[in-house]
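*Asks:* Residue numbers for the sequence shown follow full-length UniProt numbering, beginning at 1 and rising by one. We treat Cβ as the ideally placed atom computed from N, Cα and C, and that holds for glycine. Here's a structure for you.
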Amino acid sequence: MSSSATGAAKPTVTVTLDGSNRNTSLPVLSGSIGPDVVDIRKLYGDLGVFTFDPGYGATASCESKITYIDGDAGVLLYRGYPIEQLAEQSDFIEVSYLLMYGELPSPAQLEAFRKGVTYHTMVHEQLRRFFDGFRRDAHPMAVICGVVGALAAFYHDNLDINDPHQREIAAYRLIAKIPTIAAWAYKYSIGQPFMYPRNDLSYAENFLYMLNAVPAEPWTPNPILSRAMDRILVLHADHEQNASTSTVRLAGSTGANPFACVAAGIAALWGPAHGGANEAVLKMLGEIGSPENIPHFISEVKDKNSHTKLMGFGHRVYKNFDPRAKIMKETCHEVLAELGIKDEPLLDMAMEMERIALSDDYFIQRKLYPNVDFYSGIILKAMGIPTSMFTVLFAVARTVGWVSQWKEMIEDPSQRIGRPRQLYTGATQRDYVSLGRRA
Ligand code: CMC
């Protein structure tokens, strides 16, 4: 197969199937920024061949207007706005509005959205019972995956995903209820009473309240910690077509219930190569134990046979510093200062690890830089959040990204069920052999 780009007003790529006289001309589509894409939809019809791209490294699975990443330049934009500006000047609720609706809200729109989300923070009392079914030592990701999926049982029969208003209510419900479900998963694991949401608090404050407060004591928010939590939520809110978002889209493309689709997204997020990395970073630092063991650990990482990865390093798209990691590093120092933590051995170790890795040829050649998860775990640990809750927190933040992408997909007139093809390398057709005739 050979291909050539033809530079006319509307560029196309001509693909010729070598050895036959068949060729096709494929349109090249341009986005507002980022690389052009070759529209291969008629490739199979014209030439009878599929494309092969396991891991989707070179495949745009959809058209989207929500988030843009330039991995080489270390740029992340939500609806065109740089993540640095949003982390500094906005807050999670405003960012949620932006992701869902495409524009920054007016003061009245923001107030209405804040109220709308706040109104849905409580969960059906019957849902409490689901928690009792889990073991106390269950991983909270397993718990929230189950309980969020169970929301589908509460809001299914009357949910019409083709009705824009109902889609909106489902989105509000998910954004509003996920902190309550996440906090209750934690409370259940430590045997403390569930704290009901407080609608007089901000989104981040309320989440910290439900995680940390107990009925027997008064609780007041700490502005620095609330700000840090809010920033973590903003930084994790969306990240274009990553594994969990693609999972939500794929599940949603079948017309499935949105609560079930988000539960599928939670399952995909859990893996250590994705959202589970923040938990894995802390586990890794704990196992290394002290800075003098870092060189040995790094040599293990470089040994292909050891299957050891430097967790919190590397990214499919960022081949330069992850912009979220930069902000996270600053927030990490702010939080430790606020909490009066002068010597945090884990942070010292993380910084030493970063220093060594960034000057080592193995990491330089492969363009492996710290990602968002490298620092978030240290902040969360300092805030008293247990390691097993780190990925849950990521899920709380990413829910708005999932629902925004799900909404965008349903509202896209060209949307079809997601149905990838394959390169089949198994047995060709053969006749069944009865059991008695097999050796
Ligand atoms: N430590 C050591 N080597 C690495 C690492 C790492 N963390 N990441 C990639 N490499 C090597 C990899 O072995 C390969 O080497 P070679 O070319 O010699 O075979 C090369 O770098 C290219 O890596 P890749 O596996 O082709 O990259 P990928 O795009 O498939 O994987 C990744 C991306 C994020 C899964 C991977 O970098 C990784 O596993 N990182 C650690 C887990 C982690 O921190 N994940 C959080 C990602 S950020 C949060 C999120 O968005 O979910």
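1) Which value, in whole angstroms, describes the spacing of the CA atoms of Leu346 and Lys302?
2) Is Val371 near ligand 1, with its Cβ less than 7 Å from a heavy atom?
3) For the 8 Å Cβ check, are there 3 or more pairs between the region 8-17 and the region 42-52?
4) Distance check for Met100 and Pro258, CA to CA, integer angstroms please.
5) Kindly indicate which residue of Arg416, Ala397 and Ser414 has the alpha-carbon position closest to the one of Ile232.
6) Taking a contact to mean a Cβ-Cβ separation below 8 Å, would you say Phe92 touches Ala171 in this structure?
7) Going along the chain, which residues of its own chain have a beta-carbon closer than 7 Å to the beta-carbon of Asp72, five neighbours each way excluded?
8) Would you tell me roughly how many angstroms separate the C-alpha atoms of Glu251 and Pro420, rounded to the nearest one?
9) Quick one: residues in its chain with C-beta nearer than 7 Å to the C-beta of Ile417, no 5 flanking neighbours on either side, listed in chain order?
10) With DSSP collapsed to three states, give me the class of Asp53.
11) Any heavy atom of ligand 1 closer than 7 Å to the beta-carbon of Lys319?
12) Go through its chain and collect everything with a Cβ distance to Tyr424's Cβ below 6 Å, but skip five positions before and after it.
13) Keeping to the same chain, check which residues put their C-beta closer than 6 Å to that of Gln241; ignore five residues upstream and five downstream.
14) Judging by CA-CA distance, which residue of Gly289, Ala277, Gly34 and Lys407 is the nearest neighbour of Met389?
15) Can you have a look at Ser4 and say buried or exposed, based on whether 16 or more other CB atoms are within 10 angstroms of its CB?
16) Just to confirm, is the Cβ distance from Ala176 to His236 under 8 Å?
17) Just reading off the beta strand (DSSP E) that Ser25 is part of, what are its end residues?
18) Using the three-state DSSP reduction, which class does Phe321 fall into: helix, strand or coil?
19) From the DSSP output, which residues share a beta bridge with Tyr78?
20) Taking 8 Å as the cut-off, decide whether the C-beta atoms of Val392 and Ile69 are in contact.
21) Compute every distance between the C-beta of Leu151 and the non-hydrogen atoms of ligand 1, then say whether any falls below 7 Å.
22) Comparing the CB of Pro272 with every heavy atom of ligand 1, is any distance shorter than 7 Å?
23) Please report the distance separating the alpha-carbon of Ile341 from that of Phe374.
24) What span of residues does the alpha helix (DSSP H) with Val214 cover, start to end?
25) Please state whether DSSP places Phe313 in a helix, a strand or coil.
26) Does Ser2 pass the burial test, meaning 16 or more other C-beta atoms within 10 Å, or should it be called exposed?
27) Is it right to say Ile379 is buried, meaning 16 or more other beta carbons lie within 10 angstroms of its own, or is it exposed?
28) Closer than 6 Å by C-beta to Pro27: which residues in its own chain qualify, once you throw out the five before and the five after it? Chain order, please.
29) Using the Cβ count rule (16 or more neighbours within 10 Å means buried), how would you classify Ser226?
30) Any chance the CB of Ala277 is under 7 Å from a heavy atom of ligand 1?
31) Does the region 204-214 come close enough to the region 180-194 that 3 or more CB-CB pairs lie under 8 Å?
32) Where does Val37 sit, in a helix, a strand or coil, going by DSSP?
33) Under 8 Å Cβ to Cβ from Leu110, same chain only, skipping five residues before and after it: list those, please.
34) Residues in its own chain within less than 6 Å of residue 452 by CB, not counting five upstream and five downstream?
35) Taking Cβ positions, are Phe134 and Gly275 nearer each other than 8 Å?
36) Return yes when at least one heavy atom of ligand 1 lies under 7 Å from the C-beta of Gly116, else no.
*Replies:* Let me lay it out:
1) 22 Å
2) Checking the sequence shown, residue 371 turns out to be Asn, not Val. Yes, Cβ of Asn371 sits closer than 7 Å to a heavy atom of ligand 1.
3) yes
4) 15 Å
5) Ala397
6) no
7) Lys319 and Asn320
8) Checking the sequence, you will find Ala at residue 251 rather than Glu. Using only the alpha carbons, I get a separation of about 13 Å.
9) Ser253 and Thr254
10) coil
11) no
12) none
13) Ser61
14) Ala277
15) Because Ser4 carries a pLDDT of 44, less than 50, the predicted location of this residue cannot be relied on, and the following value inherits that uncertainty. Exposed: under 16 other Cβ atoms inside 10 Å.
16) no
17) Asn23 to Leu29
18) coil
19) Thr67 and Tyr81
20) no
21) no
22) yes
23) 19 Å
24) Per DSSP, Val214 belongs to no alpha helix (DSSP H) and is neither H nor E.
25) strand
26) Unreliable placement is indicated for Ser2, whose pLDDT of 43 sits below 50; no coordinate value is reported for it.
27) buried
28) Thr12 and Asp39
29) buried
30) yes
31) yes
32) strand
33) Ile93, Glu94 and Tyr97
34) Residue 452 is absent from the model: the chain starts at 1 and stops at 439.
35) no
36) no
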